[in-house]
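A.B. asks: This is the structure I want to talk about, given as structure tokens.
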Amino acid sequence: MKIIALQGSPRPKGNTQALLEIALEAAAGAGAQVEVVQLSELTDLTGCRECFGCQSNPDEPGCLVEDDMQPLLARILAANVLVLATPVFCWSASWLLKMAVDRLYCMFKFGDGDYRSLLEGRRLAVVITEGNSGSDLITESFRRMAELARCQWLGSLVATGVGAPDDIRGNAETVERARTFGRRLAG
Ligand SMILES: Cc1cc2nc3c(=O)[nH]c(=O)nc-3n(C[C@H](O)[C@H](O)[C@H](O)COP(=O)(O)O)c2cc1C
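Its first residue numbered 1460, the sequence shown is counted upward by one per residue in the numbering used here.
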């Protein structure tokens, strides 16, 4: 099982990374091959330009925006599981994750009444940290995206009320939930 995670916090060593790491360690322990992409480390990432150039090619992503998302699209297609990880920023996903996710539009081919998703059959999961609210909204938006993408929805792993990354590592209940979630990703 190949897992690719897009880590959308601007902090590569923040709360979201701490939670994601615990889950992915458990997934790797259960035999999965794991790759984490720190979106904050990409030097050239932009959002969807809504040019619809991708819709001219039904078999390939075909995105016309030449930036760091291009190699990522191929790696996402090569994976079985896509994990989207983000802090809650103003009741939404982070700007980094939102840019990357909007670029997945090129995986959805609307055709002429014959819609298809290049991501069909893959599995989708979400990892979220928050101060106190908003993770439910992000979970719902990505659950709907999973439907459009024809991916199996694996649900979300959420840590609420986190102060610092060590709060996550030091919370036995959160660690156990993250490990269980990680093993499910690998299953
Ligand atoms: C710009 C910004 C907006 C935020 N908005 C919310 C919010 O709407 N709801 C919430 O519960 N927490 C909010 N937070 C808190 C973060 O979601 C929380 O601290 C998170 O764990 C940070 O993760 P990170 O360290 O991986 O970046 C916000 C933090 C920032 C910096």
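Using N, Cα and C, we set each Cβ at its ideal position, and we do this for glycine too. Computed from a prediction, not measured in an experiment: that's the story for all the values here.
Return the CA-CA distance between I1535 and E1484, expressed in angstroms with no decimal places.
C.D. replies: Cα-Cα distance, rounded: 19 angstroms.
A.B. asks: Please identify the residue among L1543, N1474, V1540 and Q1529 whose C-alpha is closest to the C-alpha of D1626.
C.D. replies: N1474
A.B. asks: Alpha carbon to alpha carbon, how far is A1608 from F1511? Give it in angstroms, no decimals.
C.D. replies: 17 angstroms
A.B. asks: Assess contact between the stretch 1530 to 1548 and the stretch 1583 to 1600, defined as three or more Cβ pairs (one per stretch) separated by less than 8 angstroms. Is contact present?
C.D. replies: yes
A.B. asks: Where does the unbroken alpha helix (DSSP H) through G1641 begin, and where does it stop?
C.D. replies: A1631 to A1645
A.B. asks: Could you compute how far the alpha carbon of R1581 sits from the alpha carbon of W1554?
C.D. replies: 24 angstroms
A.B. asks: In the DSSP assignment, the alpha helix (DSSP H) including S1600 goes from what residue to what residue?
C.D. replies: S1594 to A1608
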